[in-house]
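For reference, the structure is listed below as structure tokens.
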Amino acid sequence: MSTTTRVDMPERDRELRILIVRLSAIGDVFMTSPVAQAIKEAYPRAHLTWLVEPVSASFVKANPYVDEVLIFDRKGEWKRLLREWRLPALLRDIRDFGAGLRAHHFDIALDFQGLFKSGLLARISAAPRRIGYAASDEMSRIFYTEKVAVPRHPTHLSDYYLYLLTALGIAPTPRRPILTLSDAVHDAARDFLASRGLVAEPYAACCVSSSRPQKDWVWSRWSELADLLWEREGLRTVFVGGPERRVDALALVESCQARPVSAVGYTSLVESAALVQDAALVIGTDTGLTYTGLATDTPTIALYGSTDPNWLAEEPQTAVCFHPMPCNPCMRRPSCAHYDCMQAIDVQEVADTAARLLKHCRVPA
446 MSTTTRVDMP
456 ERDRELRILI
466 VRLSAIGDVF
476 MTSPVAQAIK
486 EAYPRAHLTW
496 LVEPVSASFV
506 KANPYVDEVL
516 IFDRKGEWKR
526 LLREWRLPAL
536 LRDIRDFGAG
546 LRAHHFDIAL
556 DFQGLFKSGL
566 LARISAAPRR
576 IGYAASDEMS
586 RIFYTEKVAV
596 PRHPTHLSDY
606 YLYLLTALGI
616 APTPRRPILT
626 LSDAVHDAAR
636 DFLASRGLVA
646 EPYAACCVSS
656 SRPQKDWVWS
666 RWSELADLLW
676 EREGLRTVFV
686 GGPERRVDAL
696 ALVESCQARP
706 VSAVGYTSLV
716 ESAALVQDAA
726 LVIGTDTGLT
736 YTGLATDTPT
746 IALYGSTDPN
756 WLAEEPQTAV
766 CFHPMPCNPC
776 MRRPSCAHYD
786 CMQAIDVQEV
796 ADTAARLLKH
806 CRVPA
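Below, the structure is given as structure tokens:
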């Protein structure tokens, strides 16, 4: 259901210029990816521009339905100017960035983030139609000309984003996330594995790092799991994650008997995604890289604690390890010191889930 300030819909054959605003985080940018496909199918002549922060830009560039990628790299500078109370300089910087957006002459701006900064960027684009969520941050809603309400608990995370397109007359049909990586990226990922002694062997990609400590699994259990996957399933393990855990991941490798490989901090974001997509099995916390295999139907086990896993309910290639607790979901405000929900997931449970999922998906061990 949507509430709008106008009822006329654009003609399907118009050369619409549409701005997609989804700045971060990596996982959310990835899950928003199907909206570009849906728009292009409904409006084949539309020109789609995606505004995104640098860390997630490579994922947007790997979306074949996006015509142009604009980088929003001013967040840190705007925060600094605001913190120093340099309001004239801040307003000038916002004005200058807005001038660059207005030069594109957008017809429609779609804010999939729902924060003040994303709503502001939609507003300064000067698009006549600015569409956002009815339940967005109070401050961001003042920038919209149209507001869309969505169901409270969609069964696919992409459904939440696709519902915004109902304002354009596009039905929110469930779609797979899109991440079309080039052969060169996949070759680079395979070359990295070969340099570490893993050549043409099936492996499990373990996405071990996340953006918040309450989403992390007990660190030592990753090495125990790697040994158990080798013993029971004949799968080597490749650890994947951001550079902040590089040293920790190397320690995991040293503590394992199963000769795992650590790509943590050694491969780019898209190369890490290629490692996930090429894996026989993916196991990870609630973080963006864990879900990149969904674009290629790679069997995936997601380890959940502080966040809500309900959106994965209808993903056939996916299993969830999750122990509901009264405080779940705590999201960014954990109420315990040791993250009991993640502590409750033991190694045997994950290994047993892996065995069932591999059997179900008929993946060779």
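When we follow our numbering, the leftmost residue of the sequence shown carries the number 446, and every step to the right adds one.
Don't be surprised by glycine CBs; every beta carbon is placed ideally from N, CA and C.
Residue i, buried or exposed, once every other Cβ within 10 Å from all chains shown has been counted against 16
| i | result |
| --- | --- |
| V653 | buried |
| L536 | exposed |
| V644 | exposed |
| A708 | buried |
| P744 | buried |
| K804 | exposed |
| S503 | buried |
| R490 | exposed |
| M476 | buried |
| D723 | buried |
| V692 | exposed |
| S665 | exposed |
| K660 | buried |
| P705 | buried |
| E498 | buried |
| T737 | buried |
| E716 | buried |
| T735 | buried |
| E486 | exposed |
| R525 | exposed |
| W530 | exposed |
| E678 | buried |
| I778 | As written in the sequence, residue 778 is Arg, which differs from the Ile given in the question. R778 should be labelled exposed. |
Minimum C-alpha distance to residue i - residue among the options
| i | options | result |
| --- | --- | --- |
| T741 | A747, Q762, P754 | Q762 |
| D628 | A507, R490, L555 | A507 |
| S563 | A544, D541, R540, Y589 | Y589 |
| G687 | L714, L674, L670, G679 | L714 |
| M584 | L565, P479, K592 | L565 |
| H549 | A694, A725, I463 | I463 |
| S469 | E486, A649, R531, G559 | G559 |
| P754 | T737, T732, R620 | T732 |
| R547 | L532, L515, V595, H783 | L515 |
| W523 | C786, F561, P509, Y510 | F561 |
| R620 | G614, Y605, A634, D632 | Y605 |
| Y510 | A616, S478, T618, E689 | S478 |
| A571 | D552, V727, D512, L532 | D552 |
| A703 | V721, R690, V683 | V683 |
Alpha carbon of residue i to alpha carbon of residue j, nearest angstrom
| i | j | result |
| --- | --- | --- |
| E460 | A719 | 34 Å |
| R641 | T625 | 25 Å |
| V792 | E760 | 23 Å |
| P647 | I623 | 23 Å |
| A886 | Y711 | One cannot answer for residue 886 here, as it falls past the ends of the chain, which runs 446 to 810. |
| T494 | T752 | 31 Å |
| D797 | I471 | 29 Å |
| A725 | L680 | 8 Å |
| F542 | D518 | 10 Å |
| V685 | P573 | 43 Å |
| S668 | W662 | 12 Å |
| V474 | V630 | 19 Å |
| M770 | S780 | 11 Å |
| A534 | L527 | 9 Å |
| R586 | A567 | 11 Å |
| R801 | A649 | 14 Å |
| F637 | C651 | 16 Å |
| P774 | T730 | 15 Å |
| C701 | R540 | 54 Å |
| V466 | D556 | 5 Å |
| A747 | S581 | 27 Å |
| A696 | V795 | 21 Å |
Residue range of the unbroken beta strand (DSSP E) whose run includes residue i
| i | result |
| --- | --- |
| E591 | 591-593 |
| D791 | Unbroken run through D791: none, as it is neither H nor E. |
| A406 | As shown, the chain starts at 446 and ends at 810. That puts residue 406 outside it, with no answer to give. |
| A764 | 763-767 |
N- and C-terminal bounds of the alpha helix (DSSP H) containing residue i
| i | result |
| --- | --- |
| G729 | Note, G729: premise wrong, no alpha helix (DSSP H); beta strand (DSSP E) at 726-730. |
| A571 | Element bounds for A571: n/a, residue is neither H nor E. |
Any C-beta of chain D under 8 Å from that of residue i
| i | result |
| --- | --- |
| L714 | No chain D is part of this structure, which consists of one protein chain only. |
Contiguous alpha helix (DSSP H) assignments of at least 4 residues, all confined to the region 455-531
Counting whole runs of 4 or more residues, the region 455-531 contains the alpha helix (DSSP H) stretches 471-477, 479-487, 502-506, 520-528.
As an exercise, report each continuous beta strand (DSSP E) stretch of at least 3 residues that is fully enclosed by the region 581-660, in chain order.
The region 581-660 contains, as complete beta strand (DSSP E) runs of 3+ residues, the segments 591-593, 648-652 (chain order).
Every unbroken alpha helix (DSSP H) inside the region 676-751 [4 residues or more]:
The region 676-751 contains, as complete alpha helix (DSSP H) runs of 4+ residues, the segments 691-699, 714-722, 733-736 (chain order).
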